[in-house]
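Taking it in order: structure first as structure tokens, then the write-up.
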Amino acid sequence: MGSVRLWGSDQDMNRLVVSNLSCDMAMQDAMHKQFSKTNLTVRYFLRENWKINQEKQELSLKNMVMSLETERMQRANEEFSLKNKGLTLEIENLKKNLAERESTSVRNGQVHEGGGTTDNVPQEGLFDPVQSNRVIFENHERQIELTETRKRLKYICVVLLRCIER
């Protein structure tokens, strides 16, 4: 009978070993699934982090481009302002010269009641309507260019602010 018990005991022992192995395999399977899920999560976050870094680099490049464009527009704005000031000064000088010449003509008695000079030949250097119109036209064109430049500069500033807010 002792041998029967041993045999029965071996069978019980085998069942116990198989049961332990089954438990170990179930634990390993559960751990494998958990590690697999963790691995997928880490890969997802790494991919998202990479995308975010790419977007940051793109925004940084766009920001640099917009900054350079803003500087260029500011320089253009300054140039137009200087041209505008120059034309304004030229117009003022022309008006002063005209006023001085007209007052000189009046003092010298060269003007008739109708507003013309005694001789009907225009005097050299007096008011030139063609030149005055040219100066006024150029001034107007520069004003338009300056307005457009200011609009573009405002647009660029708005775009930069939006990029910074993101």
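Using UniProt numbering, you'd call the opening residue of the sequence shown number 1 and step up by one each time. We put the beta carbon where it would ideally sit given N, CA and C, even for glycine. Treat the numbers as computed from the prediction; the structure is a model and nothing was measured.
Here residue 139 has 87 as same chain residues with Cβ atoms under 6 Å from its own Cβ, once five neighbours each way along the sequence are excluded.
In this structure, residue 66 and residue 159 form a Cβ contact; the two beta carbons are roughly 6 Å apart against a cut-off of 8 Å. At a Cβ-Cβ threshold of 8 Å, residue 142 and residue 73 do not count as neighbours.
Between residue 94 and the set 129, 17 and 61, the nearest pair of CA atoms involves 129.
Going by DSSP, residue 152 is part of the alpha helix (DSSP H) stretching over 129-165. The criterion of a C-beta distance shorter than 8 Å is not satisfied by residue 76 and residue 147.
Distance from the CA atom of residue 102 to the CA atom of residue 96, rounded to whole angstroms, is 10 Å. With distances taken between CA atoms, residue 70 lies nearest to 154 out of 23, 15, 154 and 57.
In this structure, the beta-carbon distance from residue 135 to residue 91 falls below 8 Å. For the alpha helix (DSSP H) assignment, the region 12-100 encloses no uninterrupted run of at least 4 residues.
Relative to the Cα of residue 80, the nearest Cα in the group 49, 144, 10 and 14 belongs to 144.
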